[in-house]
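J.:
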Amino acid sequence: MSHTMRKEENALHDNELGRVIPCNALDWTDPFNWMRLGLLDLAKAPLVTLFYGIIFTLVPLGITFLVEQMDNHLVIAPAIVCFMLVAPFLAAGLYDVSWEFEKGHTPSLWHSIKAVHRNSVHEWAFAILLMVVMIFWLRIASIIHALYPPYISDDMSELIPFLAVGTIIGAVLASAVFMISAFTQPILVERKVDLMTAVLSSINAVWSNKLVMCIWAAIIFVCVLIGFATQFLAFLVLMPLLGFATWHGYIETITTKRKRNYM
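All residue numbers for the sequence shown refer to the numbering used here, where the first residue is 285 and numbers rise by one.
1) For Ser396, count the other beta carbons within 10 Å of its own beta carbon; 16 or more makes it buried, fewer makes it exposed. Which is it?
2) Assuming Phe467 and Ala489 form a contact by the criterion Cβ under 8 Å, report the distance between their Cβ atoms to the nearest whole angstrom.
3) Going by DSSP, what residues sit across from Cys307 in a beta bridge?
4) Could you please give the first and the last residue of the uninterrupted alpha helix (DSSP H) stretch that includes Phe505?
5) For Leu334, tell me which candidate among Tyr379, Pro524, Trp500 and Val456 has the shortest Cα-Cα distance.
6) Between the beta-carbon of Ser392 and the beta-carbon of Val456, is there less than 9 Å?
7) Are the Cβ atoms of Ile535 and Met319 separated by less than 9 Å?
8) Would you check if the distance between the CB atom of Glu407 and the CB atom of Leu472 is smaller than 9 Å?
9) Can you give me the C-alpha to C-alpha distance between Trp500 and Leu509, rounded to a whole angstrom?
10) Roughly how far, in whole angstroms, is the beta-carbon of Asn308 from the beta-carbon of Thr537, given that I think they are within contact range, below 8 Å?
11) Report the rounded CA-to-CA distance for Phe410 versus Thr514, giving the unit in angstroms.
12) Between the C-alpha atoms of Leu310 and Phe528, what's the straight-line distance to the nearest angstrom?
13) What do you reckon, are the CB atoms on Thr341 and Phe519 nearer than 9 Å?
14) Hey, how far is the Cα of Ala376 from the Cα of Val477?
15) Can you list, in chain order, the residues of its chain with a C-beta nearer than 7 Å to that of Ile464? Leave out the 5 residues immediately preceding and following it.
16) For Thr539, which residues from the same chain have a beta carbon less than 8 Å from its beta carbon, with the 5 sequence-adjacent residues on both sides left out?
17) Are the C-beta atoms of Val416 and some chain B residue less than 9 Å apart?
18) Below 8 Å on the Cβ atoms is my guess for Val425 versus Gly450; work out the distance and round it to an integer in Å.
19) Are Ala495 and Cys507 close, meaning C-beta to C-beta below 9 Å?
20) Got a sec, what are the start and stop residues for the alpha helix (DSSP H) Asn317 sits in?
21) Round the Cβ separation of Trp531 and Pro470 to the nearest angstrom and send it over; I've been treating them as touching at under 8 Å.
22) Do Val521 and Gly337 have their beta-carbon atoms positioned less than 9 Å apart in this structure?
23) Could you tell me the boundaries of the alpha helix (DSSP H) in which Thr468 lies?
24) Can you tell me whether Pro391 is helix, strand or coil according to DSSP?
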């Protein structure tokens, strides 16, 4: 690692809701190092990367196609946000690949697919949690759409208030999802802990490293924008890369009793 990590006081350590795994204090350059390490993993596992990259590309393409068939373009944005909400759960296989490299093993597609079963009860509970958030967002989007004046035209100046309200609400929801999911799935993949411990540990790690995690969130946001700009084709590479990088972010952020073995 490029710097010496130090243990930071954890704001939620004594939270009565559950245990919190301590986190390290991060440097603002760390997210860029996670991307570098993720790129190395991507280059060492091209076939597994391609498999997950295809999935992450086909899902938004399929959503867009279905929405267009319904002839209701207003639901494209919330539908894609829904995909981004469940993406951390789908990335479990990518975390397994990076973990296998850390252990000196050769990763395989089947081994990565089985990653979701290591802590299956709580991992499926996490998936359900994300689905609940997804449904909540869709309902809010529907309410905003229903309450908006029916006489509005397609002129962009008249759509700005509608888009502004949706963007603000979406940003608040995305921030909450980022906090609860930043490291929850990697924790559940590697450790036999309950969902509450994993979620609180993720929230605590993000809260304790606000600036660094804002940089990490910005990197994710830029990658998503690039994906949208390329009709999701860039997701073939960018989504697996973010998955690998997230694993390296997790093992550098969440503390362990033993030294981690990675570059």
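Note that the Cβ used here is the ideal one computed from N, Cα and C, for glycine as well.
T.: Concretely, from the data shown:
1) The sequence position of residue 396 within the sequence shown is 112, counting from 1. Burial of Ser396 is indicated by the presence of at least 16 other C-beta atoms within 10 angstroms of its C-beta.
2) As a working note, residue 467 is residue 183 in the sequence shown. As a working note, residue 489 is residue 205 in the sequence shown. A Cβ-Cβ distance of about 6 Å is found for the pair Phe467 and Ala489, placing them in contact under the 8 Å criterion.
3) By one-based count along the sequence shown, residue 307 stands at place 23. When beta bridges are read from the DSSP output, Cys307 appears opposite Ile538.
4) Residue numbering aside, residue 505 sits at position 221 when the sequence shown is read from its first letter. Secondary structure note for Phe505: its alpha helix (DSSP H) is the uninterrupted segment Lys494 to Ala513.
5) Here residue 334 is taken as the residue at index 50 of the sequence shown, counted from 1. If we check each option's Cα against that of Leu334, Pro524 comes out closest.
6) For the purposes of this step, residue 392 is taken as residue 108 along the sequence shown, with counting starting at 1. For the purposes of this step, residue 456 is taken as residue 172 along the sequence shown, with counting starting at 1. Not a contact, by the Cβ cut-off of 9 Å.
7) Here residue 535 corresponds to residue number 251 of the sequence shown, with the count starting at 1. Here residue 319 corresponds to residue number 35 of the sequence shown, with the count starting at 1. At a Cβ-Cβ threshold of 9 Å, Ile535 and Met319 do not count as neighbours.
8) Here residue 407 corresponds to residue number 123 of the sequence shown, with the count starting at 1. Here residue 472 corresponds to residue number 188 of the sequence shown, with the count starting at 1. Yes, they are a contact pair.
9) Here residue 500 refers to the residue found at position 216 of the sequence shown. Here residue 509 refers to the residue found at position 225 of the sequence shown. Taking C-alpha positions only, Trp500 is separated from Leu509 by approximately 14 Å.
10) Sequence index remark: in the sequence shown, residue 308 carries index 24 (1-based). Sequence index remark: in the sequence shown, residue 537 carries index 253 (1-based). Here Asn308 really is in contact with Thr537; their C-beta atoms are around 6 Å apart, less than 8 Å.
11) Translated into the one-based positions of the sequence shown, residue 410 becomes position 126. Translated into the one-based positions of the sequence shown, residue 514 becomes position 230. Thr514 has its alpha-carbon roughly 30 Å from the corresponding atom of Phe410.
12) The sequence position of residue 310 within the sequence shown is 26, counting from 1. The sequence position of residue 528 within the sequence shown is 244, counting from 1. Approximately 18 Å between the Cα atoms of the pair.
13) Numbered from 1 along the sequence shown, position 57 holds the residue referred to as residue 341. Numbered from 1 along the sequence shown, position 235 holds the residue referred to as residue 519. Yes, these two residues count as a Cβ contact at 9 Å.
14) One-based indexing of the sequence shown puts residue 376 at position 92. One-based indexing of the sequence shown puts residue 477 at position 193. Straight-line Cα distance between these residues: approximately 16 Å.
15) Position 180 of the sequence shown, counting from 1, holds the residue named residue 464. For Ile464, where only same-chain residues beyond five positions count, the Cβ hits under 7 Å are Val483, Ser486 and Ile487.
16) Here residue 539 refers to the residue found at position 255 when the sequence shown is read from its first residue. Cβ within range, chain order: Lys291, Ile305, Pro306, Cys307 and Asn308.
17) Chain labels in this structure do not include chain B; a single protein chain is all it has.
18) Translated into positions along the sequence shown, residue 425 becomes position 141. Translated into positions along the sequence shown, residue 450 becomes position 166. Per the sequence presented here, residue 425 reads as Ala, with Val not at that position. Rounded to the nearest angstrom, the Cβ distance from Ala425 to Gly450 is 7 Å, consistent with a contact under 8 Å.
19) Within the sequence shown, residue 495 is the residue found at index 211, counting from 1. Within the sequence shown, residue 507 is the residue found at index 223, counting from 1. Residue identity differs from the one stated: residue 495 is Leu in this sequence, not Ala. Not a contact, by the Cβ cut-off of 9 Å.
20) Taking the sequence shown and counting its residues from 1, one reaches residue 317 at position 33. Counting along the chain, the alpha helix (DSSP H) containing Asn317 begins and ends at Asp314 to Lys328.
21) Taking the first residue of the sequence shown as position 1, residue 531 is located at position 247. Taking the first residue of the sequence shown as position 1, residue 470 is located at position 186. That belief holds up - the Cβ atoms of Trp531 and Pro470 are roughly 6 Å apart, short of 8 Å.
22) Locating residue 337 in the sequence shown gives position 53, where the first residue counts as 1. Locating residue 521 in the sequence shown gives position 237, where the first residue counts as 1. Yes, they are a contact pair.
23) Walking along the sequence shown from the start, residue 468 turns up at place 184. According to the DSSP assignment, Thr468 belongs to the alpha helix (DSSP H) that extends over Thr468 to Glu474.
24) Counting from one through the sequence shown, the residue named residue 391 turns up at place 107. For Pro391, the three-state secondary structure derived from DSSP is coil.
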